[in-house]
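Numbering (the numbering used here), first residue to last: -15 to 50.
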């Protein structure tokens, strides 16, 4: 299934979830926020939120610095 993650095309298996999209992009375990089709998905829902063909996922990671 083709989805867009942070503006780039990705091929994910059928039945992939938001959690799959996150791990395709980052190994960070904290400081990560996700929006699916412009709607924020809480961390607790990542594993249970299925993706569909042509979904748009934005994965944001917090960066510390000054």
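Glycine included, every Cβ here is placed at the ideal spot set by N, Cα and C.
So what's residue i in DSSP terms, helix, strand or just coil?
i: residue -4; result: coil
i: residue 20; result: strand
i: residue 40; result: strand
i: residue 34; result: strand
i: residue 7; result: helix
i: residue 2; result: helix
Please go through the same chain and pick out, in chain order, the residues whose beta-carbon is closer than 6 Å to the beta-carbon of residue i, but skip the five residues on each side of it.
i: residue 0; result: 35
i: residue 30; result: 2 and 3
Among residues of its own chain, excluding the 5 on either side of residue i, which ones have a beta-carbon nearer than 8 Å to its beta-carbon?
i: residue 16; result: 6, 10, 27, 43, 44, 45 and 46
Looking only at its chain, what residues have a beta carbon closer than 7 Å to the beta carbon of residue i, apart from the 5 residues adjacent to it on each side?
i: residue -11; result: 5, 8, 9, 41 and 43
i: residue -2; result: -15
Given this structure, state the Cα-to-Cα distance separating residue i from residue j, to the nearest angstrom.
i: residue 25; j: residue 49; result: 26 Å
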